[in-house]
Every structure is written in C-alpha cells, then in structure tokens.
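Residue numbers (UniProt numbering), protein chains in the order written: chain A, 1 to 358; chain B, 1 to 371.
Before any comments, here is the structure.
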Amino acid sequence: MDDLPDADMPPSDVPPRYHTGRLPNSKAGDGKPRLLLMGQRRSGKSSISSVVFHKLPPSETLYLETTTHIKRESMHSFMDFQVWDFPGHLDYFDPAFDVDNIFEEIGALIWVIDAQDEYLEAIMRLNTTILNLQHSYPNINVEVFVHKVDGLSEDYKGDTFRDIIQRVQDELSDHGYENAPVSFYQTSIYDHSIFEAFSKVIQKLIPQLPTLEALLNSLCSTCHIEKAYLFDIMSKIYIATDTSPTDIGSYEICSDYIDVVIDVSEIYGWDRPEENGQSELVETGNNDAESLITMERKGNNYLYLREINKYLALVCLMGDDSPADKKAVIDYNVGVFQTALKQVFPRADRDMSAQPAT
Amino acid sequence: MNTGKRQKQRKVLLMGKSGAGKSSMRSIVFSNYVAKDVRRLGATIDVEHSNIKFMGNLMLNLWDCGGQDGFVENYLTHQRNHVFGSVAVLIFVFDIESREFQADVISYSNIIRALEECSPAAKIFCLIHKMDLVQARLRVQLFDERAEYIRGASESFRDHVEFFPTSIWDQSLYKAWTQIIYFLIPNASSIEGLLQQLAEIIDARELILYERTTCLMVTHVTRQVEGQNPFTDRFERISSILKTHKQSMAKHTGIPAGSANFAEMQIKTGRFMFFICRLTENTNLAASLPPSEQIFNAARLNIRLARPKFAELDIASKPRPGIQQAFAHSAESERERERREGGGGAEERDRDSYAGRGGGKGKEPVHGFEG
Numbered sequence: 001m002d003d004l005p006d007a008d009m010p011p012s013d014v015p016p017r018y019h020t021g022r023l024p025n026s027k028a029g030d031g032k033p034r035l036l037l038m039g040q041r042r043s044g045k046s047s048i049s050s051v052v053f054h055k056l057p058p059s060e061t062l063y064l065e066t067t068t069h070i071k072r073e074s075m076h077s078f079m080d081f082q083v084w085d086f087p088g089h090l091d092y093f094d095p096a097f098d099v100d101n102i103f104e105e106i107g108a109l110i111w112v113i114d115a116q117d118e119y120l121e122a123i124m125r126l127n128t129t130i131l132n133l134q135h136s137y138p139n140i141n142v143e144v145f146v147h148k149v150d151g152l153s154e155d156y157k158g159d160t161f162r163d164i165i166q167r168v169q170d171e172l173s174d175h176g177y178e179n180a181p182v183s184f185y186q187t188s189i190y191d192h193s194i195f196e197a198f199s200k201v202i203q204k205l206i207p208q209l210p211t212l213e214a215l216l217n218s219l220c221s222t223c224h225i226e227k228a229y230l231f232d233i234m235s236k237i238y239i240a241t242d243t244s245p246t247d248i249g250s251y252e253i254c255s256d257y258i259d260v261v262i263d264v265s266e267i268y269g270w271d272r273p274e275e276n277g278q279s280e281l282v283e284t285g286n287n288d289a290e291s292l293i294t295m296e297r298k299g300n301n302y303l304y305l306r307e308i309n310k311y312l313a314l315v316c317l318m319g320d321d322s323p324a325d326k327k328a329v330i331d332y333n334v335g336v337f338q339t340a341l342k343q344v345f346p347r348a349d350r351d352m353s354a355q356p357a358t
Numbered sequence: 001m002n003t004g005k006r007q008k009q010r011k012v013l014l015m016g017k018s019g020a021g022k023s024s025m026r027s028i029v030f031s032n033y034v035a036k037d038v039r040r041l042g043a044t045i046d047v048e049h050s051n052i053k054f055m056g057n058l059m060l061n062l063w064d065c066g067g068q069d070g071f072v073e074n075y076l077t078h079q080r081n082h083v084f085g086s087v088a089v090l091i092f093v094f095d096i097e098s099r100e101f102q103a104d105v106i107s108y109s110n111i112i113r114a115l116e117e118c119s120p121a122a123k124i125f126c127l128i129h130k131m132d133l134v135q136a137r138l139r140v141q142l143f144d145e146r147a148e149y150i151r152g153a154s155e156s157f158r159d160h161v162e163f164f165p166t167s168i169w170d171q172s173l174y175k176a177w178t179q180i181i182y183f184l185i186p187n188a189s190s191i192e193g194l195l196q197q198l199a200e201i202i203d204a205r206e207l208i209l210y211e212r213t214t215c216l217m218v219t220h221v222t223r224q225v226e227g228q229n230p231f232t233d234r235f236e237r238i239s240s241i242l243k244t245h246k247q248s249m250a251k252h253t254g255i256p257a258g259s260a261n262f263a264e265m266q267i268k269t270g271r272f273m274f275f276i277c278r279l280t281e282n283t284n285l286a287a288s289l290p291p292s293e294q295i296f297n298a299a300r301l302n303i304r305l306a307r308p309k310f311a312e313l314d315i316a317s318k319p320r321p322g323i324q325q326a327f328a329h330s331a332e333s334e335r336e337r338e339r340r341e342g343g344g345g346a347e348e349r350d351r352d353s354y355a356g357r358g359g360g361k362g363k364e365p366v367h368g369f370e371g
C-alpha cells in the first residue's frame, strides 16, 4: 500500500477546506450538506430519522407524534450534515416558502413512499417536486425510499417496487425529463435495509469515495480480506466498502459486531480512579480500539474491527486463507490504511487535537 | 449453600399459570430462541421434560409443566408424588398482567403445599414475569407488593423464597436464571477459589465464567477498582450481548445457533482489554484486564495453561447427542482431552468409553441419566 500515490490535492494558496459534501451548485451557507426527508404524512419519515440517527428501537416509533414543523437536526460525524424532517402536508412551492433557503445547501432529497398505502398521490407529488427542482437545482440527488416493505410478501414487494419505479420514470419522461437522477431503495426500519439505503445515499455525498474504495480494495487484496466496510460508528452507516459484491448479510454481521464492541466498551470503559502504586509506566495498547472474533469451526471466517478515528471504524470479514496468526501483518496494513485515510480525511486529525477523544 | 454434596442430577420444576411465559423463558435461555420468536410457541401439553447439561457435572432435569387448570389438577392429585418428589428447585412464574392474581396465588399455595409434603428441602424462586408491560415508574412498587403478597402464601418456605422481576425483552431474565443456576451448581465455591487464584496470577480486573450454550454466568471474581464499576448489571448484560451475537452469527452464516460459537473474542482499547475464550468443554471465560499488551498476552497463555485444572472441576459425564452437537471439536479441546486421558493412565479410546470410565477413576460416580 506504500506504493499508492497520495490523494490528489490541487496546489492552492488557500488552506485546504475540508470536504463538506457540498455540491457544485450549492450556494454559500453553513457548509453542512442537508438530507431532506420528504413524503406523504404517515409515510415514516420521522421514524426513519429516529431509528437511524437516534437509535430508537423500531417498535417505539409507534408512539412518535406527527411532525408539525420542519425539524432540523445537526449530525456530527466524519462529516457534518443536517437532517431536515419535513411535515408531510406542507406545499414547499407555495410562494410563502423560501424555496432557496430550503434547497440551497441540499445534499440529497429523500422521498419516502409508504409501500403499504395508496402511493399514486405520493408519486404525483414527488414528480411535481422533481420537476420544480429541475430548473434551479439540476444536480440534486433524489433518493426514493419505498418504505415499510417488511409488511409485504416477497412477490408483492417486488411488484410494488417495479410499479413505483415505472410510474415515476414514465411521468418524468412525459414531461421531457429523461434520465432523471432518481434512485430507488426498498427499506424497512425493522431490519438493516434502512441503514444500507442511507449508506448509499451518504456515499454519493462523499467525493473521496473512489479513493476510499481504492484504498479498501488494495487492503483487501493484500490481507485476503473478504469484505471490508468503513463504518460511521454512531449511525452504523457505512461510508465505503471495497468494490466486491455486497450482500446485506455481511453488512448485518459487521453492524451487529459493532454493537457488541460498543456495548462491552461501555461496560468496561468507565472512568477509573487513578490507580495508586501502579504509576510506573507499563506498555499500553494503542488508543484506537481493536477487536477480533475467531469462530470455533474451521473454515468459518473471522471478524476484525479497528477504530480508525473518533467516528470511523474499519470492520473486515476475513477470508479463509487469512489465518488469525497473521494478525500482525493485518495490523500493520491496517495501520498503513489508517495513515492513508488521514490524508484523505484530514478533519479527523483536526478534531482529535481540538478535543480529546471520548 | 449446598456445596460438598456432589449431586449430579437436579430436578427443576417450572410452573405457573397457562400463558405466564414459562416455555418462552425456557426456549430463550436454553434453546437459543430470540425474544420475538417465542410467539410461535404453542401451549405446553402436560409436562415437557428436558435434560440440560450444565457445566459437565450438573444435569438439569427441567420439567416444564403446562399450566392449564386441568393439568395442574392432575399434578396435584394423580401424579402428586411423581411430579413433586425429589425436587431441588421450583420456579414459579407469575404473569404481572394477570387479571386473576388472587386465583394465581391460590393455585401457587396448593402447589407449595404439595411440595412441602414431598420435597420439603426444595428451594423456591418466584419470577414476576412480563415486567416490560408495566410502566417503568410503577415497576418497583408493583413488584414489591406482589412479592410480599406471594410470600404470605408461601407457608413454610416463606423465609427462603426468592423473587425476581423478569422480562424476556431485557437482561433481567438472565439475572434471575443466573441466581437459580448458581444455587444449583454443586461445586461453586471450589470454582470460585480457583478463579480467584487465576485472577491474582494474571492480574485481571475481573474474570467471569460463562456457561457456553446458555451464556449464563456461573460465577465471577472482581478485583481492585473494578468493584466500583458503575454497571452493576454487567454480568447479565454481557450474557445478553453474547447471546445476541451468537444469534446474529447464526442468522447470517447459516450455522445453527447452537454451534455458532466463537473460539475467541478480543477487544482492546486504551482503557481496558477484554477477551473471552474457551475455558473448559462447557464454559467460556471472560477476562477484563488493564490496557497492556504484555498482561494481555500473558493472561491468554496462563488461561490456556490453567485449563486442565478447571477441567477437573468440570468433569464431563456421558456425552448426549443433543448437547454434544453444540460442541464442535476444536484442536484445543482435543488436546485437553488427551491430557486428561493421560492423567487417568488411559490409552486411546473413543469418547463414550472414556466417559464411561469416569467412575472407575474414583473422581465422580457416573449415574445413568437416560429417561
């Protein structure tokens, strides 16, 4: 990995400003990309944001109140972004609304459609929104979450999904808008699909993604890693993975694994009073958490986790031909990866020096 | 407690009103069910027996008694001696949501009377179950009220009966069952003594011994500052974390939950180092250590060396197919077994005949468990 060229940084006199996910057409603002959650009322917007960003157990979302005004929340993570949760009944293109103010810093527009409900009206409103935005903000990513699919049978789920895609695309091309930047996802808060969908949405906002993927690919081939994910620890969204095919199963294992490490760290990571008499310096482990699970049966892969910085963790499913005895090699290579990542995402460093990691 | 007596098979009655959650509990603790899967369970007809091997030298003979009135009537009359004879522990499950609490208690005291008559030395644990359905602020008060009332109906057991609030949705279930199991383990104090020594040698902050299949805590040793750990429920929490992880691994790798065991789990941070590894055939040892690589590596090695010592305490009885499936042979345990066989002066033989000879070594009489 030492051979990898440094990520390109165009020479400039201005000190580098860290990436904020800002899109080229966005106007000056607070520099935080926005994720707008929109859709019909009761389609599950607030539930999604509570489950993904506030770790609310999915069963508790039944008791969420209807959202009556725009809820803005700032997320501090490897990159700062805002989540705006919109009430379903508002018409944003009413002249009374400051459309520019809403959409100027937008990172992605997430449109939530309740797959268990009548969705024709939702599609109509979605299309109106897309067409309205097309003129002033042509580069906005529109992400359609076909939501609550957990309640549908496999066949019906697929049919509904295809029907929605078809209707949206037909209607847009009827209006002369071909190849609209719209992506579709099937989601549910009762499994990991919502996290996976969010991962893909967020990944589009990271311009360094190709670099990250290249780094992960090279790490994977050097260490015989089957699948590597770079996770945002707090939200358990993965911001990059190597380019081998992803299946939701490996994502779920890694995500559950992070839970294990976080839970155990919470239990034993409490603030201990200074231990008297043990002041002589013993060799301590590095401050970045690392963890490893080997399975008992031969042939089963094992899991490796390494905290990269305050926000990010690398989780790897190791391949069969990469025995746990070679962990030292893996540790070293992950260290190289970590250094490379620091150059790609310099902000992690800045945060580290500004405030001690918690 | 009942150490010294090396009784191997202990009869445990699981009773309570129909629908109270007895079988759900049993499936979660002993059969790797997830909480949300228990709704698939049907009503228990009559008694479901299960033999659960716990720590090699303890066999739980669990009687899950269907709680419908007809069955209970039958237990109390025709099968009175059969059901209530030689009981070690009675676990009575009360449903906190029950609308006929008085009737439940009457049924409870009938059972208590039968137990008093047939096995007066039995121990009673009352689990006030489904606590998750009560509002959080009312829980303590309601639990105390119910417990006091039930205690009043406990006849001669009234001073010894123990109460636990439980719910399958959190770790309270593990807490209650850990206490029950601890009561049943015949050689708890010798295990503890050995663990204490080990902890001193490897300079561990805490050692926790878990049973492998159920992830229930057997015992623990806490040293120095770790005693001030604010998470007093950490043992149950870890049980619950381990169980969840096991299920997650099973779900995504397609291995049955019974055998989705990890060989080792390590977590190293700047504040602590933690690992869980296999100790004996039936137990896992969790160790929390100071954040130092040298202590960590020395501890791993020392624990490996201490294994035969623990294996002696944890004498395996005749292997049962159902439980043995859950036990995948690793190189480690193979070696361990060889070492043990060597100690007994035995030559190569297969597992069954080895276990059968256990009695011949004069360490532990082997009973026939079939049935």
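Cβ coordinates follow ideal geometry from the N, Cα and C atoms, glycine included.
Model, not experiment: these values are computed from the prediction.
Any C-beta of chain B sitting closer than 8 Å to the C-beta of residue i?
i       : result
D232(A) : no
T61(A)  : no
L292(A) : yes
R272(A) : yes
E283(A) : In this predicted model, E283(A) has a pLDDT of only 44, less than 50, meaning its place in the structure is not dependable enough to derive any value.
I267(A) : yes
M75(A)  : no
A313(A) : no
What distance in whole Å lies between the Cβ atoms of residue j and residue i, which are believed to be in contact at a cut-off of 8 Å?
i       : j       : result
E100(B) : K130(B) : Rounded, the Cβ-Cβ distance is 15 Å, inconsistent with contact.
Q171(B) : R237(B) : 5 Å
P58(A)  : I189(A) : 5 Å
V52(A)  : E143(A) : Incorrect: roughly 13 Å between the Cβ atoms, too far for contact.
F84(B)  : L115(B) : 5 Å
T222(A) : N139(A) : Wrong, their Cβ atoms sit about 36 Å apart, outside the cutoff.
L76(B)  : N110(B) : 6 Å
Ends of the beta strand (DSSP E) at residue i?
i       : result
M79(A)  : Where M79(A) is concerned, there is no enclosing beta strand (DSSP E), given that its DSSP letter is neither H nor E.
V146(A) : N141 to H147
D95(B)  : V89 to D95
R306(A) : L303 to E307
Q9(B)   : Q9 to G16
G70(B)  : From DSSP, G70(B) is part of no beta strand (DSSP E) but of the alpha helix (DSSP H) over D69 to L76.
M295(A) : E290 to M295
L230(A) : I225 to D232
T222(B) : M217 to T222
N51(B)  : V47 to F54
What are the boundary residues of the alpha helix (DSSP H) that includes residue i?
i       : result
A311(B) : E293 to L313
M318(A) : Careful: M318(A) lies outside any alpha helix (DSSP H), inside the beta strand (DSSP E) at L312 to M318.
A103(B) : F101 to C118
E118(A) : Taken as a continuous stretch (DSSP letters only), E118(A) belongs to no alpha helix (DSSP H), as it is neither H nor E.
With DSSP as the reference, label residue i as helix, strand or coil.
i       : result
S279(A) : Caution applies to S279(A), whose pLDDT of 41 falls short of 50 and renders its modelled position unreliable; the model cannot decide the point.
W169(B) : coil
T283(B) : strand
L62(B)  : strand
R72(A)  : strand
H160(B) : coil
Q343(A) : helix
S173(A) : helix
At the 8 Å Cβ level, is residue i part of the contact set with chain A, yes or no?
i       : result
V134(B) : no
R139(B) : no
H220(B) : no
P120(B) : no
S190(B) : no
F163(B) : no
I241(B) : yes
R237(B) : yes
P186(B) : no
Is residue i near the ligand MG, with its Cβ less than 7 Å from a heavy atom?
i      : result
N81(B) : With respect to small molecules bound, the structure shown includes none, and the ligand MG cannot be examined in it.
If contact means a Cβ-Cβ distance below 8 Å, which residues of the segment 259-276 of chain B contact chain A? S259, A260, N261, F262, A263, E264, M265, Q266, I267, K268, T269, G270, R271, F272, M273 and F274
For the segment 281-313 of chain B, enumerate the residues whose C-beta is nearer than 7 Å to any C-beta of chain A, in chain order. S288, P291, S292, E293 and Q294
Would you list, in chain order, the members of the segment 215-245 of chain A that have their beta-carbon closer than 7 Å to a beta-carbon of chain B? none
Give the residues from the segment 41-66 of chain B that approach chain A closer than 8 Å (Cβ to any Cβ), ordered along the chain. none
Residues of the segment 250-266 of chain A with Cβ closer than 8 Å to any Cβ of chain B, in chain order: S250, E252, I253, D256, Y257, D259, V260, V261, D263, V264, S265 and E266
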